[in-house]
Amino acid sequence: MKHQQLNQRKNAATPRGVGVMCNWFVNRAENATLWDEEGNSWIDFAAGIAVLNTGHRHPKIVAAVEKQLQAFTHTAYQVVPYESYVALAERINDLAPIEGPAKTTFFTTGAEAVENAVKIARAHTGRSGVITFTAAFHGRTLMTMAMTGKVAPYKRDFGPMPASVFHARYPSEQHGVSVDEAMASIDQLFSCDIAPEQVAAIVLEPIQGEGGFRPAPTEFMTRLRALCDQHGILMIADEVQSGFARTGKLFAMEHHPQVKADLITMAKSLAGGLPLSGVCGRAEVMDAPAPGGLGGTYAGHPLAIASAHAVLDVIQEEKLCERAEHLGQHLREVLHLAKARNPAIADIRGVGSMIAVEFCDPQSGAPEKALCAAIQQRAMEAGLLLLTCGQHGNVIRFLYPLTIPDAQFQQAMEILSHVLTAE
Ligand code: PMP
Numbered sequence: 020m021k022h023q024q025l026n027q028r029k030n031a032a033t034p035r036g037v038g039v040m041c042n043w044f045v046n047r048a049e050n051a052t053l054w055d056e057e058g059n060s061w062i063d064f065a066a067g068i069a070v071l072n073t074g075h076r077h078p079k080i081v082a083a084v085e086k087q088l089q090a091f092t093h094t095a096y097q098v099v100p101y102e103s104y105v106a107l108a109e110r111i112n113d114l115a116p117i118e119g120p121a122k123t124t125f126f127t128t129g130a131e132a133v134e135n136a137v138k139i140a141r142a143h144t145g146r147s148g149v150i151t152f153t154a155a156f157h158g159r160t161l162m163t164m165a166m167t168g169k170v171a172p173y174k175r176d177f178g179p180m181p182a183s184v185f186h187a188r189y190p191s192e193q194h195g196v197s198v199d200e201a202m203a204s205i206d207q208l209f210s211c212d213i214a215p216e217q218v219a220a221i222v223l224e225p226i227q228g229e230g231g232f233r234p235a236p237t238e239f240m241t242r243l244r245a246l247c248d249q250h251g252i253l254m255i256a257d258e259v260q261s262g263f264a265r266t267g268k269l270f271a272m273e274h275h276p277q278v279k280a281d282l283i284t285m286a287k288s289l290a291g292g293l294p295l296s297g298v299c300g301r302a303e304v305m306d307a308p309a310p311g312g313l314g315g316t317y318a319g320h321p322l323a324i325a326s327a328h329a330v331l332d333v334i335q336e337e338k339l340c341e342r343a344e345h346l347g348q349h350l351r352e353v354l355h356l357a358k359a360r361n362p363a364i365a366d367i368r369g370v371g372s373m374i375a376v377e378f379c380d381p382q383s384g385a386p387e388k389a390l391c392a393a394i395q396q397r398a399m400e401a402g403l404l405l406l407t408c409g410q411h412g413n414v415i416r417f418l419y420p421l422t423i424p425d426a427q428f429q430q431a432m433e434i435l436s437h438v439l440t441a442e
C-alpha cells in the first residue's frame, strides 16, 4: 500500500526519463541486505550499480564519514585544500597500474571523470579526436553520451552529438568480432573518418560493464597499446565499473600486466556509496591542463574522500580481491550447473566476481531479452535483486558486495539456480 502511494507520487513529481527498476522503495540497508518501506528484505546483487564492493554502511566507512562530518564538510578543495585529498591521491598513485610517476585528481561522478580524462588527453596531445567502442558505456553527459556505444535509450532524442568521437568495434568472440576485426575497424576509422595524428585518445573499458561484462583479450590490449604508441595516441582505461577489487584485482588493467594505460578513470566502488570519482595518470600527462582547467565545486568532497580511505583499508584488511576470486568461482559453478539444464544460457563469462550470464535462443542464437527480464523478475519475487546489461539487454550481471556473508551468498545461489532452471 505504502509503495503504491509512493509510486503515484513519484510518477506525478518526477520525469519518466529516469527509468526506475524497482517498484518498491528502500527504507534501510546493511552490507548485502536492503529493507523496503513495507518491511520486506532483499539480497542486494545490484549494489547501487557496482558501487558497494564493500557493502552497505560498512562500520569502518560509516565511522570515517562520521569523523569527517564532525571536522568539516565542505571548503571546495580548490579554494581551501585538505590533507585527506592529497593523501588519497598518494595512495591511488601507489596502487594504480600506471607506468612511472603518477598523479590523481578527484571529481564526483563517473561521467565527470571520463569527461576530464578527455580534457586532459586533449590538452596533452593538442589533438581533438576520441575513439571509443561499440556497446561502451561512459556516461550520460553530452560528451560521455557521444562516447557511449548504444543509441537507445542513451543517445536517441539527444543529438546532435559532440564532434570528433568515433566508434571502433569492441572484440568479443561470443558476438562474432575477432581481435583482428576490432583492430581493422580502427584502421578503417583512420582511412574513413580521422587521421591517427588527430586522435587524442582511445578510451576503452578493459571489461565492458553496461555492454555485457565483456573482457578485452590481452592480445587486443597489447596491439592497442602498440597502435597508440605508434601514433602518439593516449590510452584511457575507463575502470569506473571494473575497479576496486570486483575483478579480483584492485584495477582490471592489472590482468594485463604488460599493458599500461596513460590515464585511468575510476568512480563507483572507490568511495563505498559516497559520490567520488577520479582520474589517475602519468604525471606529465596529468599536468597538461593549466591551473583552473580542472576541478569543480564539489570535486573530491571531504566526506567522500574520507569514505574512500576507509574503502581502501577494508579492501586490504578483508582481502576483498581474494574474496572476489573465491565468490566468483562459486558463482561460476552454480551458473555452469544451470547451463546444463537451461539451453538458453549461451555464455558465462567474466573475471573474478565481475561475472555475467547471457541468454540466447538455442536454435537461432538471437538475444533473449524477454527471458532475461523474466528471470530477473522471478529472482526479484524470491527476494534477490539482479541487474541486467548488454547491448540487447539479454545479460544478467552480478554485483554483490564482496563483503556478503557466506550463508547469505549461499541463499542467493539457491534462489539463482532455481530461477535459472525453472520452467
Ligand atoms: N563509465 C563506466 C564504465 C560506467 O559503467 C559508468 C556508469 N555505469 C560511467 C562511466 C558513468 O558513471 P556515472 O553514472 O557515475 O556518471
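Just so we're on the same page, our numbering is the position in the sequence shown counted from 1, plus 19. Think of the CB as a built atom: it goes at the ideal place given N, C-alpha and C, for glycine as much as any other residue.
Around V84, the same chain offers L322, A325 and S326 as residues with beta carbons nearer than 6 Å, after the five sequence neighbours per side are excluded. Boundaries of the alpha helix (DSSP H) around R244: T237 to H250. Minimum Cα-Cα distance from F64 among the listed residues A441, E118, M399 and E258 corresponds to M399. Annotation for P120: A302 place their beta carbon closer than 6 Å to its own, counting only its chain and skipping 5 residues before and after. Not one heavy atom of ligand 1 is found less than 7 Å from the C-beta of F125.
For K122, the three-state secondary structure derived from DSSP is strand.
Take G369, set aside five residues on each side of it, and the residues of its chain with a beta-carbon closer than 6 Å to its own are F232 and A375, in chain order.
Beta-bridge analysis with DSSP links H186 to T151. In the three-state scheme derived from DSSP, where H, G and I count as helix and E and B as strand, F378 is classed as strand.
DSSP places A441 outside any alpha helix (DSSP H), giving it a letter other than H or E.
The nearest non-hydrogen atom of ligand 1 is less than 7 Å from the C-beta of A286.
Shown here, D55 sits in a strand according to DSSP, grouped into three states. Taking non-hydrogen atoms of ligand 1 into account, the C-beta of H157 is found less than 7 Å away from one of them. By the Cβ rule, the segment 258-266 does not count as touching the segment 47-55, because fewer than three pairs are nearer than 8 Å. Taking a 10 Å sphere around the C-beta of H355, we find fewer than 16 other C-beta atoms and assign the residue as exposed.
Looking at the backbone, the Cα of C408 and that of A108 are separated by about 32 Å.
Excluding the 5 residues flanking it on each side, I423 has same chain C-beta neighbours closer than 6 Å at A51, in chain order. With fewer than 16 neighbouring CB atoms inside 10 Å of its own CB, K86 falls in the exposed class. Between the alpha carbons of E200 and R342 lies a gap of roughly 36 Å. Put simply, the backbone Cα of V133 is about 31 Å away from that of N30. The beta carbon of A66 lies closer than 6 Å to those of L418 and P420 in the same chain, with the five residues before and after it left out. Using a cutoff of 7 Å, the CB of V259 counts as near ligand 1, since one of the ligand's heavy atoms is closer than that.
For T163, the enclosing alpha helix (DSSP H) covers residues L161 to M166.
Beta-carbon to beta-carbon, I434 and I415 are separated by about 13 Å, too far to satisfy the 8 Å threshold. When the alpha-carbon of V81 is set against those of Q335, V330, P381 and Q382, the nearest one is in V330. If you look at D206, you'll find it in the alpha helix (DSSP H) that goes V198 to C211. Counted as a single uninterrupted DSSP element, the alpha helix (DSSP H) harbouring E85 occupies residues P78 to A90.
With a cutoff of 8 Å on beta-carbon distance, Y104 and F125 are scored as near each other.
Of the candidates K287, E273 and D206, D206 places its Cα closest to the Cα of Q249.
At a Cβ-Cβ threshold of 8 Å, Y96 and F152 do not count as neighbours. In the same chain as V70, and ignoring 5 residues on each side of it, the C-beta atoms closer than 7 Å to its own belong to K287, S288 and G292, in chain order. Out of M166, R351 and G195, the CA that lies nearest to the CA of P181 is found in M166. Scanning A203, V198 and Q227 for the CA closest to the CA of T237 turns up V198.
Excluding five sequence positions before and after A401, the CB atoms of its chain that fall closer than 6 Å to its own CB belong to I434, given in chain order.
Here the alpha carbon of A220 sits roughly 22 Å from the alpha carbon of T127. Here the alpha carbon of P386 sits roughly 15 Å from the alpha carbon of S191.
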